[in-house]
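Below: one structure, written as structure tokens.
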Amino acid sequence: MAQRIIVDPVTRIEGHLKIEVEVENNKVIDAKTSGTLFRGLEIILRGRDPRDACHYVQRICGVCPIAHGLTSILCLDDAFGVKPPANGRIVRNLIQGANYLQSHILHFYHLTALDYVKGPDTAPFIPRYEGDYRLPKEVNDKAVEHYIQALTMRKKAQEMLAVFGAKMPHVTAYTAGGVTEQVTPEKIAQFKNYLQEITSFIDNVYIPDVLAVAGVYGDDWFAIGTGCKNMLAYGGFRLTDEDDPDGQAQLFKRGRYTQGQYASVDKMKITEEVKYSWYEDSTTGKYPGEGATVPAPDKKGAYSWLKAPRYEGLPHEVGPLARQWVGKQKDVVNLGEKAFSVLGRHFARAIEASQVAHAMAEWLNQLVPGQPTYTPFNVPKEGAGVGLHEAPRGALGHWIVIKDYKIENYQAVVPTTWNGGPRDDKGQPGPIEQALIGAPVKDPNNPIELVRIVRSFDPCIACAVHVLEVKGITKEPKKYII
Ligand code: NFE
Ligand code: MG
Numbered sequence: 001m002a003q004r005i006i007v008d009p010v011t012r013i014e015g016h017l018k019i020e021v022e023v024e025n026n027k028v029i030d031a032k033t034s035g036t037l038f039r040g041l042e043i044i045l046r047g048r049d050p051r052d053a054c055h056y057v058q059r060i061c062g063v064c065p066i067a068h069g070l071t072s073i074l075c076l077d078d079a080f081g082v083k084p085p086a087n088g089r090i091v092r093n094l095i096q097g098a099n100y101l102q103s104h105i106l107h108f109y110h111l112t113a114l115d116y117v118k119g120p121d122t123a124p125f126i127p128r129y130e131g132d133y134r135l136p137k138e139v140n141d142k143a144v145e146h147y148i149q150a151l152t153m154r155k156k157a158q159e160m161l162a163v164f165g166a167k168m169p170h171v172t173a174y175t176a177g178g179v180t181e182q183v184t185p186e187k188i189a190q191f192k193n194y195l196q197e198i199t200s201f202i203d204n205v206y207i208p209d210v211l212a213v214a215g216v217y218g219d220d221w222f223a224i225g226t227g228c229k230n231m232l233a234y235g236g237f238r239l240t241d242e243d244d245p246d247g248q249a250q251l252f253k254r255g256r257y258t259q260g261q262y263a264s265v266d267k268m269k270i271t272e273e274v275k276y277s278w279y280e281d282s283t284t285g286k287y288p289g290e291g292a293t294v295p296a297p298d299k300k301g302a303y304s305w306l307k308a309p310r311y312e313g314l315p316h317e318v319g320p321l322a323r324q325w326v327g328k329q330k331d332v333v334n335l336g337e338k339a340f341s342v343l344g345r346h347f348a349r350a351i352e353a354s355q356v357a358h359a360m361a362e363w364l365n366q367l368v369p370g371q372p373t374y375t376p377f378n379v380p381k382e383g384a385g386v387g388l389h390e391a392p393r394g395a396l397g398h399w400i401v402i403k404d405y406k407i408e409n410y411q412a413v414v415p416t417t418w419n420g421g422p423r424d425d426k427g428q429p430g431p432i433e434q435a436l437i438g439a440p441v442k443d444p445n446n447p448i449e450l451v452r453i454v455r456s457f458d459p460c461i462a463c464a465v466h467v468l469e470v471k472g473i474t475k476e477p478k479k480y481i482i
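This is the structure in structure tokens:
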């Protein structure tokens, strides 16, 4: 008989995620992922000054505010018809790069490593699921040391970010048209010092630790957690000041891999479906530029605050694995089918941390002290814009509609909405749900397999639901007042 396992909340991720699976003969036969946190940024943005959008949206998340800030100013650049000068583009990338390094180190050491590394019997290493810790003692002990060292590296990455971003989280330097910070030789030198130390940690500690885990857990964990095998990347980190409508002049290229074929991305084929989400059914299936976020908390059959984004009606995984697969990075592509797995995701993330760090060193050399970082602009009375970028956790899109100089509509479709969303209108499970279905669960009382799979996607529910504040809930009838 099938047994139900509920993990609620899944810890060591950002935000509140519940997973519910049915297990029969030690195998998952059905899975549901539910975002159980309702916030509401898109609604709060309505009626505001468009220039402020990048400051509000950074409050979506304290882990990836930079990704929201950058995507928002790309969206505003588009709506305002303004292009940043080279220094502005590069400083934007350096701030975002610093956040990537912090975020990937955070994910491997502080969120996921404890699924594979057995720490001492003290916080933060307990409580934990028991059973499957395979690293030899000396490798395990080193990894525990690195857990501590990684905390310092993250602190340094945040300090590096603040050299140009002014502060972290929620940088103040981002603006449409560029950045407000100036470039000086002192700032470049300060940034470079941090970057060299963090790059050395990534290349000499983080990547070897991921390889050590892969070496010991690889026999099964390069095959578990496959998912939908459709991969989507919008592309990110612009490398040119010229127009780049296809998104190819970027460190991460735009593209997708759908049902076994590489293909280009047409943003108009993106929709969000809400049959199983707590939003009004009338809003389902819309392109985000015309979409709406209308909560329906009592909707029958719904089980998540996440919507279900689809490309041409199909679920797609986003994130480091999608970027590296779409970008045909040789070490990742050489894994073949093994890439579509829990360890494939960790490997792709580590490889890309190094890629970003080394690219940042080149970008620093391209800065020209004293040159402008900002192009002035006017806010149009009416307009619309799209920002497409890659957050650390994957493809991130923001859409704005401006009317009477105010925000008429703002929609964000974020990485964890793609990965962690529920079933769509046709009943197709989302990528994390698909990765859970078919997975082994050796001991239903210690379902470590489930959390290893979920964490390989590095989910963030704060991002995925991104609604800021519920001011009150009346008793009867239940109604959310925004
Ligand atoms: Ni809150 Fe985020 C990232 C974004 S994830 S962490 O990276 O956008 O869905
Ligand atoms: Mg949204």
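Counted from 1, the sequence shown has number 434 at position 434 by UniProt numbering; the numbering is strictly sequential. Even for Gly, the Cβ is constructed at its ideal location relative to N, Cα and C.
Residues that DSSP places opposite residue i in a beta bridge
i    : result
H16  : H16 pairs with nothing; no bridge assigned.
F252 : G236
M231 : Y257, E317
Q411 : W399
P440 : K27
Y279 : P295
R39  : DSSP, once it has assigned bridges, lists no residue as partnering R39.
Among the options, nearest to residue i - alpha-carbon criterion
i    : options                : result
D443 : V210, A361, T199, N26  : N26
S287 : A79, D298, A308, G301  : Sequence check: residue 287 is Tyr here, not Ser. Measuring from the Cα of Y287, the nearest candidate turns out to be A308.
I13  : G47, G62, T375         : G62
K328 : G383, L232, E362       : L232
A31  : L37, F38, V21          : V21
D404 : D281, D424, G383       : G383
K253 : R323, D298, G336, V28  : R323
E42  : L335, Q411, I437       : Q411
P369 : K229, L239, R423, E181 : E181
A339 : K229, D458, M168       : K229
L251 : V332, R154, T258, R238 : R238
D141 : V213, F164, P185       : V213
P208 : I351, Q371, R345       : I351
T226 : H107, L436, Q3         : L436
K300 : E280, K167, E337       : E280
E272 : F164, Y194, E290, I66  : E290
R310 : I188, K426, V163, L106 : K426
V318 : W363, M268, P245, T416 : T416
Outcome for residue i when other beta-carbon atoms lying within 10 angstroms are tallied against a minimum of 16
i           : result
H358        : exposed
V342        : buried
M1          : exposed
E138        : exposed
T11         : exposed
A157        : buried
E390        : buried
N334        : exposed
G97         : buried
W418        : buried
Y100        : buried
P124        : exposed
Q371        : exposed
T112        : buried
V326        : buried
residue 515 : Because residue 515 is not part of the residues shown, which for the chain are 1 to 482, the question remains open.
D77         : buried
M153        : buried
7 Å CB neighbourhood of residue i in its chain, flanking five on each side removed
i    : result
S72  : A53, C54, V57, G387, H398
D115 : I448, V451, R452, R455
Q428 : P315
N186 : The sequence given here has Glu at residue 186, not Asn. Closer than 7 Å at the Cβ level, and outside the excluded window around E186, lies no residue.
Neighbourhood of residue i by C-beta distance below 6 Å, restricted to the same chain and skipping five residues each side
i    : result
H104 : R349, A353
K479 : Caution applies to K479, whose pLDDT of 37 falls short of 50 and renders its modelled position unreliable; the value that the coordinates give is listed next. So no residue of the chain qualifies.
K406 : G47
D203 : S354
Y109 : Y147, A150
I60  : L41, H68, C463, H466
V401 : A384, E408, N409
V414 : L396, C463, A464
Q3   : V23, P444
Cβ neighbours of residue i in the same chain (closer than 8 Å, five flanking residues each side left out)
i    : result
P9   : H16, L17, K18, T36
Q366 : A86, I90
V441 : I5, V21, V23, N26, K27, V28, P447, E449, L450
Y217 : Y116, R134, L343
I224 : S341, V342, A439, P440, E449, R452, I453
I270 : Y287, P288, P309, R310, Y311, G397, V413
Whole-angstrom C-beta distance between residue j and residue i, which should lie under 8 Å
i    : j    : result
N446 : G131 : 5 Å
P459 : G420 : 5 Å
G177 : Y303 : 42 Å between Cβ atoms; not a contact.
V163 : F201 : Incorrect: roughly 18 Å between the Cβ atoms, too far for contact.
CB contact check: residue i to chain E, cutoff 9 Å
i    : result
T199 : Of the protein chains in this structure there is only one, and it is not chain E.
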